[in-house]
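The structure under discussion appears below in the form of structure tokens.
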Amino acid sequence: MARLPLGQSMARLIAMHGPISLLMWMGEANAHYYGTRDPLGAKGDFTTAPEISQMFGEMIGVWLADVWQRAGGRPDVAYVELGPGRGTLAADALRVLRRFGWAGPVHFVETSPTMRAAQARAVPEAIWHDDLTGVPEDAPLMIVANEFLDALPVRQMVKTPQGWRERMVGMQEERFVPMAGSLPMDLAVPEMFRDAPENTIVEASAAASAVMGEIGHRLATQGGAGLIVDYGYLDKQTGSSLQALRGHAAADPFADPGEVDLTTLVDFHEAAQAARAAGAQVAGPVGQGAFLGALGIAQRAASLARSAPERTNEIAQALDRLVGEARMGTLFKVMGLAGRDWPMGAGF
Ligand code: SAH
Numbered sequence: 019m020a021r022l023p024l025g026q027s028m029a030r031l032i033a034m035h036g037p038i039s040l041l042m043w044m045g046e047a048n049a050h051y052y053g054t055r056d057p058l059g060a061k062g063d064f065t066t067a068p069e070i071s072q073m074f075g076e077m078i079g080v081w082l083a084d085v086w087q088r089a090g091g092r093p094d095v096a097y098v099e100l101g102p103g104r105g106t107l108a109a110d111a112l113r114v115l116r117r118f119g120w121a122g123p124v125h126f127v128e129t130s131p132t133m134r135a136a137q138a139r140a141v142p143e144a145i146w147h148d149d150l151t152g153v154p155e156d157a158p159l160m161i162v163a164n165e166f167l168d169a170l171p172v173r174q175m176v177k178t179p180q181g182w183r184e185r186m187v188g189m190q191e192e193r194f195v196p197m198a199g200s201l202p203m204d205l206a207v208p209e210m211f212r213d214a215p216e217n218t219i220v221e222a223s224a225a226a227s228a229v230m231g232e233i234g235h236r237l238a239t240q241g242g243a244g245l246i247v248d249y250g251y252l253d254k255q256t257g258s259s260l261q262a263l264r265g266h267a268a269a270d271p272f273a274d275p276g277e278v279d280l281t282t283l284v285d286f287h288e289a290a291q292a293a294r295a296a297g298a299q300v301a302g303p304v305g306q307g308a309f310l311g312a313l314g315i316a317q318r319a320a321s322l323a324r325s326a327p328e329r330t331n332e333i334a335q336a337l338d339r340l341v342g343e344a345r346m347g348t349l350f351k352v353m354g355l356a357g358r359d360w361p362m363g364a365g366f
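Note that the sequence shown ends on residue 366 in this note's numbering; no numbers are left out.
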């Protein structure tokens with residue numbers, strides 16, 4: 019049986035059952051989006067840090083190698099990455115880790131078959147899982163996630179004259195439009211926001227909190243360390259941070275489900291709380307620029323340029339994109355994690 023395009027399925031669902039929650043819209047749209055394409059790079063919809071330069075993954079590898087050594091250099095510590103994209107970060111980080119003598123197993127958490135195929139070309143030895151539950155529980159873990167949490171679906175509440183309502187997606191004149199649901203949702207809104215003015219939107223990612231809780235639990239019980247890198251904010255804020263990207267430009271998040279990249283800013287305060295509550299140590303977050311600077315990315319850039327003088331300009335530009343204030347240096351943040359009896363890594 020031929021599958022209907024996602025937009026048609028969504029329209030049919032809404033016509034038959036009424037508006038659907040934004041949470042479901044975002045979850046279904048991104049599952050289709052990542053499941054059917056590799057969106058990364060100049061020809062795709064967006065470019066991530068590891069795709070800009072090998073230096074990014076190498077610095078992550080240096081950070082991990084340092085904590086791994088200081089924790090005793092156990093041979094069975096596993097590398098775990100969530101949403102590894104094309105596997106570029108992992109390939110660069112693993113090269114560094116192996117130079118330090120680490121030779122453990124590699125686990126990838128990835129749901130998209132298209133991305134899994136790309137990852138297999140970069141890191142053929144990886145073992146794939148749909149979520150963290152399949153990752154072994156018998157050894158410490160080195161966990162990495164870059165631009166993963168921002169792709170997970172969020173729920174939004176909006177303040178109406180009748181009180182708080184969930185933000186839904188409905189249809190008007192053949193177009194998808196955000197609208198307030200009909201069920202009272204006041205109790206689902208954090209108390210600090212309840213009296214906010216009309217039209218205020220409050221966002222929450224239960225999926226991101228659940229993943230951070232699971233990561234925190236694993237590190238607390240198995241030992242290990244972790245790095246979470248993403249764009250986001252430190253203090254609770256209101257407003258919708260939902261954005262859509264297509265061909266490196268902003269797009270309408272409600273126009274074409276499954277054909278644009280949907281993301282939100284990560285609530286780092288909430289992410290840290292979830293990991294801490296599960297027993298992990300948390301450091302930062304700090305700006306990506308400060309973090310990479312502390313690990314020596316400028317020195318790495320200089321050494322790369324010395325061995326390939328014809329690439330000096332390109333390397334300098336990549337360095338600026340990764341650490342520059344107006345580029346990825348401050349909007350992107352890095353959070354460090356450590357398990358019981360593990361040292362916290364450098365850079366915080
Ligand atoms: N970390 C990579 C890719 C970021 S894009 C990089 O920095 O280049 C987001 C990645 O997360 C993709 O690989 C996507 O397929 C994966 N992903 C998105 N939602 C997911 C989910 N719910 N479970 C597992 N992987 C998911």
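Don't be surprised by glycine CBs; every beta carbon is placed ideally from N, CA and C.
These numbers were taken from a predicted model, which means no experiment stands behind them.
CA nearest to the CA of Leu201, picked from Ser321, Ala226, Arg92, Gly181
Gly181
Is it true that the CB of Phe64 sits closer than 8 Å to the CB of Leu340?
no
Would DSSP call Ser39 helix, strand or coil?
strand
Distance between beta carbons of Leu252 and Gly244, contact taken as under 8 Å:
About 18 Å separates the two Cβ atoms, so there is no contact after all.
Should Met133 be counted as a contact of the ligand SAH given a C-beta to heavy atom distance under 7 Å?
yes
For the ligand SAH, any of its heavy atoms closer than 7 Å to the Cβ of Gly103?
yes
Got a sec, what are the start and stop residues for the beta strand (DSSP E) Met77 sits in?
It is not in any beta strand (DSSP E) - Met77 instead sits in the alpha helix (DSSP H) that spans 72 to 88.
Which first and last residues belong to the beta strand (DSSP E) in which Met186 is found?
181 to 190
Just the C-alpha distance for Gly307 and Met353, rounded to the nearest angstrom, thanks.
13 Å
Ala269 by DSSP, collapsed to three states: which one?
strand
Run the proximity test for Ser71: is its beta-carbon closer than 7 Å to any non-hydrogen atom belonging to the ligand SAH?
no
Contact test: Val127 Cβ vs the ligand SAH heavy atom, cutoff 7 Å
yes
Quick check on the burial criterion: 16 or more other C-beta atoms within 10 angstroms. Buried or exposed for Arg193?
exposed
Can you find the residues in the same chain that come closer than 7 Å, C-beta to C-beta, to Ala136, ignoring five residues on each side of it along the sequence?
Asp56, Arg104, Gly105
Exposure of Val278, with buried meaning 16 or more beta-carbon neighbours within 10 Å:
buried
So Val124 packs on Val141, CB below 8 Å; how close in whole Å?
6 Å
Using DSSP with H/G/I as helix, E/B as strand and the rest coil, what is Asn217?
coil
What's the call for Pro37, buried or exposed, on a 16-neighbour Cβ count within 10 Å?
buried
For Met2 and Asn48, what's the separation of their Cα atoms in angstroms?
This structure does not reach residue 2, given that the chain is present from 19 up to 366, and the question cannot be answered.
Among Pro179, Ala222, Ala262, the one whose alpha carbon lies nearest that of Asp213:
Pro179
Leu31 by DSSP, collapsed to three states: which one?
helix
Contact between the region 292 to 300 and the region 342 to 357 is defined here as three or more beta-carbon pairs at a separation below 8 Å; is this criterion met?
yes
Three CB pairs or more closer than 8 Å across the region 315 to 333 and the region 283 to 294
no
Once DSSP output is grouped into helix, strand and coil, what is the label at Leu322?
helix
Residues that Pro196 bridges to, as DSSP identifies them
Val187
Within 7 Å: the Cβ of Leu170 and any heavy atom of the ligand SAH?
yes
Proximal residues to Ala20 (C-beta, below 8 Å), its chain only, five neighbours per side dropped
Confidence is the limiting factor: at Ala20 the pLDDT is only 49, short of 50, which leaves the residue's position unreliable, though a coordinate-based value still follows. Correct list: empty, nothing qualifies.
Chain-order list of residues whose beta-carbon lies under 7 Å from that of Ile70 (same chain, five-residue window excluded):
Ala336, Arg339, Leu340
Buried or exposed for Glu332, please, with buried defined as at least 16 other CB atoms from any protein chain shown within 10 angstroms of its CB.
exposed
Kindly indicate which three-state DSSP category Met362 falls into: helix, strand or coil?
coil
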